[in-house]
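Participant: Please see the structure below; I have some questions.
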């Protein structure tokens, strides 16, 4: 388990939400410690994205509350709140009419500042892109490059929290692996608190230091990757762990 | 060809008026449609209601929409007072603005509907306020689609603006309507060329703005807008300021009215008055325009006023009708009837001479017997007019077919055999020129149609104006009028209404 002395940065306080009568998140309570990298894993419709989006208020809970650094997220002005939180998602959503530099600098611009070229270059460097990319337009980039820009944009406002919703879901396996490792490194270097939604248990086990397994709107397992691989977490979690484990065994068999 | 160029060359004023009208309607349409579209994107009921309304407006023919604003504005005078204009620029602007709404509204709503959800999620995710999202993301991404809508609206508006002639707003429709009426095809073509040219140029400029938006090229955007604004400003500077003292002469859309308007205009100019013409007014609009002061002088006919304004269907005789109308105008609105010009332009049934002889028809009684085997052609309003009901019932007329033609083509239809009998006008030069037989109205079912000079209440006491026009009373015989009409209507050696008016003045010794 996590270091007991680390402060709680995000806290879900028995939050529930349903869509048209279908319960998506069912009375979830959970605390996320500062500096941790948490993966939310589960099948489609298990409520993991809905839970994540409560933090930056892309979807408010029907009941319960979410605390960020001790304060209810609903007390802050929503646009200010979101500027304090980095958000990366599968669709990326680069603004097609803005250059790479303008996309990365959008957060500071909204706050009334102007990101300097040097800062843009610095952010590009964080995601391993050359400064020359700043003048490009989104349609000139590959899928992997676009998501790198998405990550750089999320980091431009020096957030404490990075929320990721299936961030690498649309990328090819090699790009996906490389960018995953890069994000984990940034998490460590910048001292971020990261929450990543993924349906890929292998990705969660390799990147996160805490894995929450969701099913039917509830957290059914809350374990470290290590304990999950050693059989903890119950049947639903173990069913998810079984897939990468079998892959690994089969691959090991092929190389033997 | 040279003729067309000559007409085009003289069309500067109409072009300027057309540009300003279309630009104002388009501008107002944009100002209404864009905020409405933003609202519609945030509320489904608003989207349904506004798009439904705009679509409904499109189903109303432009000609009718323009005409409908006349009674609407007239009734609004009870709220805004008599200063509210009911004809001319205001109703044209309102009708065309309504017409411009749909393409802008629909394109804007569609652009937002088709916007990538991920981009909108990102805009929320990075912490944009609603206003920032609109300004930084939604508006720039929708801009090319909105511009496409504005282009469509611009072309529609420029085309429909030609119809504003019928409600007394000068436009490129003036030469088109005048040319159609007098069969002056060069004039019609010149009007069409000018209007189409204006639409093409406008479309090209707005297309440049649209391309600028989609290629994110600021120079193209601002260049296109600057050129369009320069054109509008140029039109505005050529427009002469309206002189409040000038006398406005209205004319319905047929040759006789154009000629008589010029005849009156020339006399007033000689007496030192500034004169403006409102040609091609819808015949339903003229009387109301006169009594409300939108125009100052008009020529109308006793029979028309008797049936349409006084709603009478009896026929007490020519003099009694005139006296009753004069008194009625004086009492109801203070409109002054200066007098009768001397000729009648009555409705009559006319047939080709050879056909009439062959069938042995000389009177309407004879016609009634042969009617079940014949086709009758009338102008577009005739079969709805009380005169038709009166004559139909008096003689028991029952034709095999009824067909409508514009007055321009009525005579051609008769000569070409499309109709066996038509509703002719007794002062029309083509009756004599085409050797038509006018059937005798033995039962007096058609009322008399003495041509009258009507003067708006506010000018009814203008002694200088009355003195300039009084010599016209009783001065024009039906033969004189036929000749003048024929000069304008004939296909060869055509005269303009202006020339025909001068010839007529010379003929009657004025």
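Residue numbers (my numbering), protein chains in the order written: chain A, 21 to 276; chain B, 30 to 539.
Backbone N, C-alpha and C fix where the C-beta goes; we use that ideal spot for every residue, glycine too.
1. Which residues, in order along the stretch 140 to 153 of chain B, keep a beta-carbon less than 8 Å from a beta-carbon of chain A?
2. Could you list which residues in chain A have their beta carbon closer than 7 Å to that of residue 73 of chain B, in chain order?
3. Cβ atoms of residue 95 of chain B and residue 195 of chain B: under 8 Å apart, would you say?
4. Can a CB atom of chain A be found closer than 8 Å to the CB of residue 158 of chain B?
5. Measuring CB to CB, does residue 75 of chain A end up less than 8 Å from residue 43 of chain A?
6. I'd like to check one pair, residue 47 of chain B with residue 200 of chain B: are the Cβ atoms closer than 8 Å?
7. In chain order, what residues of the same chain lie with their CB nearer than 7 Å to the CB of residue 254 of chain B, ignoring the 5 residues before and after it?
8. When you compare only the Cα positions, how much space is there between residue 399 of chain B and residue 300 of chain B?
9. Which same chain residues, not among the five before or five after residue 50 of chain A, have their C-beta less than 8 Å away from its C-beta?
10. What does the alpha-carbon distance come out to for the pair residue 23 of chain A and residue 244 of chain A?
11. Using a threshold of 8 Å, state whether the C-beta atoms of residue 150 of chain B and residue 111 of chain A are closer than that.
12. How long is the line joining the alpha carbons of residue 247 of chain A and residue 149 of chain A, rounded to whole angstroms?
13. When burial is assigned at 16 or more other CB atoms within 10 Å of the CB, is residue 247 of chain B buried or exposed?
14. Can you give me the start and stop residues for the beta strand (DSSP E) that residue 165 of chain A sits inside?
15. Where do the N-terminal and C-terminal ends of the alpha helix (DSSP H) with residue 15 of chain A fall, by residue?
16. Helix, strand or coil: which one does DSSP assign to residue 77 of chain B?
17. Quick one, are the C-beta atoms of residue 450 of chain B and residue 405 of chain B less than 8 Å apart?
18. Within the 8 Å Cβ cut-off, does residue 23 of chain A reach chain B?
19. Inspect the beta-carbon positions of residue 436 of chain B and residue 376 of chain B and report whether they are closer than 8 Å.
20. Can a CB atom of chain B be found closer than 8 Å to the CB of residue 99 of chain A?
21. Terminal residues of the continuous alpha helix (DSSP H) containing residue 355 of chain B?
22. So, does the CB of residue 97 of chain B fall closer than 8 Å to a CB anywhere in chain A?
23. Using a Cβ cut-off of 8 Å, which residues of the stretch 115 to 129 of chain A contact any Cβ in chain B, in chain order?
24. Which bits of chain A does residue 170 of chain B rub up against, with CB to CB less than 9 Å?
25. Quick one: which unbroken alpha helix (DSSP H) runs of 4-plus residues sit fully inside the stretch 181 to 262 of chain A? Chain order, please.
26. Mapping DSSP to helix, strand and coil, what is residue 35 of chain A?
27. At least one CB of chain A closer than 8 Å to the CB of residue 155 of chain B: is that the case?
28. Specify, as a first and last residue, the run of the beta strand (DSSP E) that residue 312 of chain B falls within.
29. Locate the beta strand (DSSP E) running through residue 373 of chain B, then write down its first and last residues.
30. Could you tell me which chain A residues have their CB closer than 7 Å to the CB of residue 166 of chain B, listed as they occur along the chain?
31. On a CA-only basis, which of B:458, B:170, B:36 is nearest residue 23 of chain B? Give me that one, please.
32. Name the chain A residues whose beta carbon is nearer than 7 Å to that of residue 245 of chain B?
33. If we define contact as Cβ-Cβ less than 8 Å, is residue 153 of chain A a contact residue for chain B?
34. If we count Cβ pairs, one from each stretch, closer than 8 Å, do we get three or more for the stretch 161 to 180 of chain A versus the stretch 194 to 201 of chain A?
35. Mind checking whether residue 133 of chain B and residue 241 of chain B have CB atoms under 8 Å apart?
36. Please report the distance separating the alpha-carbon of residue 115 of chain B from that of residue 125 of chain A.
Facilitator: In short, the structure shows the following:
1. Within the stretch 140 to 153 of chain B, the residues whose Cβ lies closer than 8 Å to some Cβ of chain A are 145, 146, 147, 148, 149, 150, 151, 152, 153, listed in chain order.
2. Locating residue 73 of chain B in the second chain gives position 44, counting from the first residue. Those within 7 Å of residue 73 of chain B in chain A number zero; the least Cβ separation is about 16 Å.
3. On the second chain, residue 195 of chain B is found 166 positions in, with the first residue counted as 1. On the second chain, residue 95 of chain B is found 66 positions in, with the first residue counted as 1. Going by C-beta atoms, residue 195 of chain B is nearer than 8 Å to residue 95 of chain B.
4. Taking the second chain and counting its residues from 1, one reaches residue 158 of chain B at position 129. Yes, contact with chain A.
5. Your numbering for residue 75 of chain A matches position 55 in the first chain. Your numbering for residue 43 of chain A matches position 23 in the first chain. With respect to the 8 Å criterion, residue 75 of chain A and residue 43 of chain A are not classified as neighbours on the basis of their beta carbons.
6. As a position in the second chain, residue 200 of chain B is number 171, starting the count at 1. As a position in the second chain, residue 47 of chain B is number 18, starting the count at 1. Yes, they are a contact pair.
7. Here residue 254 of chain B is taken as the residue at index 225 of the second chain, counted from 1. Excluding residues within five positions, the ones whose Cβ falls inside 7 Å are 238.
8. Taking the first residue of the second chain as position 1, residue 399 of chain B is located at position 370. Taking the first residue of the second chain as position 1, residue 300 of chain B is located at position 271. For the pair residue 399 of chain B and residue 300 of chain B, the Cα-to-Cα distance works out to about 54 Å.
9. Walking along the first chain from the start, residue 50 of chain A turns up at place 30. Setting aside the 5 residues that flank it on each side, residue 50 of chain A is surrounded in the same chain by 31, 32, 232, 239, 242, each with a C-beta closer than 8 Å to its C-beta; the list follows chain order.
10. In the first chain, residue 23 of chain A corresponds to position 3, counting from 1. In the first chain, residue 244 of chain A corresponds to position 224, counting from 1. Residue confidence is low: residue 23 of chain A scores 48 on pLDDT, short of 50, so the model does not pin down where it sits. Its coordinate-derived value is still stated next. CA-to-CA, the gap between residue 23 of chain A and residue 244 of chain A works out to about 12 Å.
11. Residue numbering aside, residue 150 of chain B sits at position 121 when the second chain is read from its first letter. Residue numbering aside, residue 111 of chain A sits at position 91 when the first chain is read from its first letter. It is a contact, given that the beta carbons lie within the stated cut-off.
12. The residue labelled residue 247 of chain A in the question sits at position 227 within the first chain. The residue labelled residue 149 of chain A in the question sits at position 129 within the first chain. Near 36 Å, if we compare the C-alpha coordinates of residue 149 of chain A and residue 247 of chain A.
13. Numbered from its first residue, the second chain carries residue 247 of chain B at position 218. Residue 247 of chain B comes out exposed.
14. The residue you call residue 165 of chain A lines up with position 145 of the first chain. Segment 163 to 175 is the alpha helix (DSSP H) holding residue 165 of chain A; no beta strand (DSSP E) there.
15. Within the shown structure, residues of chain A are numbered from 21 to 276, placing residue 15 of chain A beyond reach of any answer.
16. Here residue 77 of chain B refers to the residue found at position 48 of the second chain. Residue 77 of chain B: helix per DSSP, three-state reduction.
17. Sequence index remark: in the second chain, residue 450 of chain B carries index 421 (1-based). Sequence index remark: in the second chain, residue 405 of chain B carries index 376 (1-based). Yes, the Cβ-Cβ distance between residue 450 of chain B and residue 405 of chain B is below 8 Å.
18. Numbered from its first residue, the first chain carries residue 23 of chain A at position 3. The predicted position of residue 23 of chain A is uncertain, since its pLDDT is 48 and thus under 50; no value can be drawn from it.
19. Here residue 436 of chain B corresponds to residue number 407 of the second chain, with the count starting at 1. Here residue 376 of chain B corresponds to residue number 347 of the second chain, with the count starting at 1. For residue 436 of chain B and residue 376 of chain B, no; Cβs fall outside 8 Å.
20. Here residue 99 of chain A corresponds to residue number 79 of the first chain, with the count starting at 1. Contact of residue 99 of chain A with chain B is assigned, a C-beta pair being separated by under 8 Å.
21. Indexing the second chain from 1 puts residue 355 of chain B at position 326. Boundaries of the alpha helix (DSSP H) harbouring residue 355 of chain B: 347 to 361, taken from the DSSP string.
22. Here residue 97 of chain B corresponds to residue number 68 of the second chain, with the count starting at 1. Chain A has no Cβ within less than 8 Å of the Cβ of residue 97 of chain B.
23. Within the stretch 115 to 129 of chain A, the qualifying residues are 115, 116, 117, 126, 127.
24. By one-based count along the second chain, residue 170 of chain B stands at place 141. Under the 9 Å cutoff, chain A gives 115, 116, 117.
25. Qualifying alpha helix (DSSP H) stretches, in chain order: 193 to 210, 221 to 227, 245 to 249.
26. Reading the first chain from its first residue, position 15 is the one you call residue 35 of chain A. Reduced to three states, the DSSP call for residue 35 of chain A is strand.
27. As a first step, residue 155 of chain B is located in the second chain; it is residue number 126 there, counting from the start. Against chain A, the CB of residue 155 of chain B has a partner CB under 8 Å away; the residue lies at that interface.
28. If you number the second chain from 1, residue 312 of chain B lands on position 283. Premise fails: residue 312 of chain B lies in the alpha helix (DSSP H), 312 to 320, not in any beta strand (DSSP E).
29. Against the second chain, residue 373 of chain B aligns to sequence position 344. Where residue 373 of chain B is concerned, the enclosing beta strand (DSSP E) stretches over 365 to 373.
30. Sequence index remark: in the second chain, residue 166 of chain B carries index 137 (1-based). By Cβ distance, chain A contributes 115.
31. Beyond the ends of chain B as shown, which are 30 and 539, falls residue 23 of chain B; an answer cannot be given.
32. Counting from 1 along the second chain, the entry for residue 245 of chain B is found at position 216. Going along chain A in sequence order, the residues near residue 245 of chain B (Cβ under 7 Å) are 117.
33. Taking the first chain and counting its residues from 1, one reaches residue 153 of chain A at position 133. Residue 153 of chain A does not count as touching chain B.
34. With the cut-off at 8 Å, the stretch 161 to 180 of chain A and the stretch 194 to 201 of chain A touch.
35. Your numbering for residue 133 of chain B matches position 104 in the second chain. Your numbering for residue 241 of chain B matches position 212 in the second chain. For residue 133 of chain B and residue 241 of chain B, no; Cβs fall outside 8 Å.
36. Counting from 1 along the second chain, the entry for residue 115 of chain B is found at position 86. Counting from 1 along the first chain, the entry for residue 125 of chain A is found at position 105. Roughly 55 Å separates the two Cα atoms.
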